[in-house]
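To start, the structure itself, in structure tokens.
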Amino acid sequence: MSFHPEPELRGHTLVVTVSSHDGRPVLDRHAYASLARTLHEAAVDDEVRVVMLRGLAGCFCLGGDFSEFLDATKHRELIAAVTDMFRMLATFPKPVLACVDGDAVGVGCTILFHCDMVIASRGSTFRVPFVDFGLVPDAATSILAPQKLGYAGAFRFFCLGDTLGVEDAKALGLVGEIVTQGSAEEATLARAKQLAKKPVAALLQTRSLLKGDTDVLCDRIDHEITLFQQALQDDTTLKRLQRIARLAA
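Structure representation (structure tokens):
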């Protein structure tokens, strides 16, 4: 069995792997809590100037852990961990780059909307099947997706739940760069190194100005999580999730 790599500082770039601690390409409540903790520590560490999010080999992230959706005893801890992580990501003061090599699904895709640059390999795909599951989007993407993709693009992506190839994702604005030579990780690290060499104060102040009011994002995160939690208490949604989980098993 593979295991979750620990965050690794490469120069002034903190490389963080998006996965569960037992090596699955999903986020469970422990992974959310670990990500929030890692980001909190990175925010106050002067050695960290850029954070790079990456997935496991050949897959960025397949979303949340379905077993926790179906276990009501875990909902309270799950919701708290998800909220903390999303709020930390929304308010994180330093550049965040994403290296996508493979599938980015559900929360594995919505966290990309908080990244300053998304660099992806040619084989990468993007999908947000929340509506198909009877759920609503998370991570304040009900604000961020229309801003980045335009309303029509966001509606098609979230409400139809279609899979986007990397070219379509770049055309819409979700992906910033497609890697055609070498690895996506090498290309992302090169961009991170480029950013880390910039004057720190000017870089952080410029990013903050571009980001705008993050309180609005945090309020939307709370609202989305409330709707998400309500959906997990709906019998019809639970039956749908159980059916999907059986098909995926």
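Adding 297 to a residue's 1-based position in the sequence shown gives its number in the working numbering.
C-beta atoms are modelled at their ideal positions from N, C-alpha and C, and glycine is treated no differently.
Taking a contact to require three or more Cβ pairs closer than 8 angstroms, the stretch 427-439 and the stretch 507-523 qualify as touching.
The beta carbon of Phe-455 sits closer than 6 angstroms to the beta carbons of Val-425 and Pro-434 from its chain, once the five residues preceding and following it are set aside; these are given in chain order. Between the alpha carbons of Met-382 and Thr-477 lies a distance of about 32 angstroms. Comparing C-alpha distances from Gly-308 to each of Phe-427, Leu-461, Lys-490 and Phe-363 shows the shortest one belongs to Lys-490. Gly-352 is positioned such that its CB atom lies closer than 8 angstroms to that of Val-315.
Ser-317 sits away from His-337, with the two beta carbons spaced by 8 angstroms or more.
Residue Arg-419 holds the alpha-carbon nearest to the alpha-carbon of Ser-480 among Leu-324, Ala-493, Arg-419 and Phe-389. When the five nearest sequence neighbours on each side are left out, the beta carbons in the same chain lying within less than 8 angstroms of the beta carbon of Gln-526 are those of His-372 and Ile-376, in order along the chain. Within a 10 Å sphere around the beta-carbon of Lys-391 sit 16 or more other beta-carbons, which makes this residue buried.
In the same chain as Ala-330, and ignoring 5 residues on each side of it, the C-beta atoms closer than 8 angstroms to its own belong to Ala-378, Asp-381 and Met-382, in chain order. At the C-beta level, Leu-486 and Leu-446 stay beyond 8 angstroms of one another. Shortest Cα-Cα distance from Val-415 to any of Phe-430, Glu-303, Thr-422 and Val-397 involves Val-397. The C-beta distance from Arg-334 to Ala-493 rounds to 22 angstroms, too long to meet the 8 angstroms contact threshold. Excluding its 5 nearest sequence neighbours in each direction, Ala-484 has C-beta neighbours in its own chain below 6 angstroms: Ile-416 and Val-476, listed in chain order.
Linking Asp-400 to Gln-444 through their CA atoms gives a straight-line distance of about 23 angstroms. For Asp-400, the enclosing beta strand (DSSP E) covers residues 400-402.
Rounded to whole angstroms, the gap between the alpha carbons of Leu-432 and Gly-462 is 23 angstroms.
In the three-state DSSP reduction, Leu-471 falls in the coil class, being neither helix nor strand. Phe-452 counts as exposed, since fewer than 16 other C-beta atoms from the protein chains shown sit within 10 angstroms of its C-beta. By alpha-carbon distance to Ala-387, the top candidate from His-411, Ala-328 and Glu-303 is His-411. Counted as a single uninterrupted DSSP element, the alpha helix (DSSP H) harbouring Phe-366 occupies residues 363-366. Excluding sequence positions up to five before and after Thr-407, its CB lies within less than 7 angstroms of the CB of Val-425, Pro-434, Asp-435, Ala-436 and Thr-438, all in the same chain and listed in chain order. Ala-528 and Lys-508 have their C-alpha atoms spaced approximately 30 angstroms apart.
For Ser-331, the enclosing alpha helix (DSSP H) stretches over residues 326-340.
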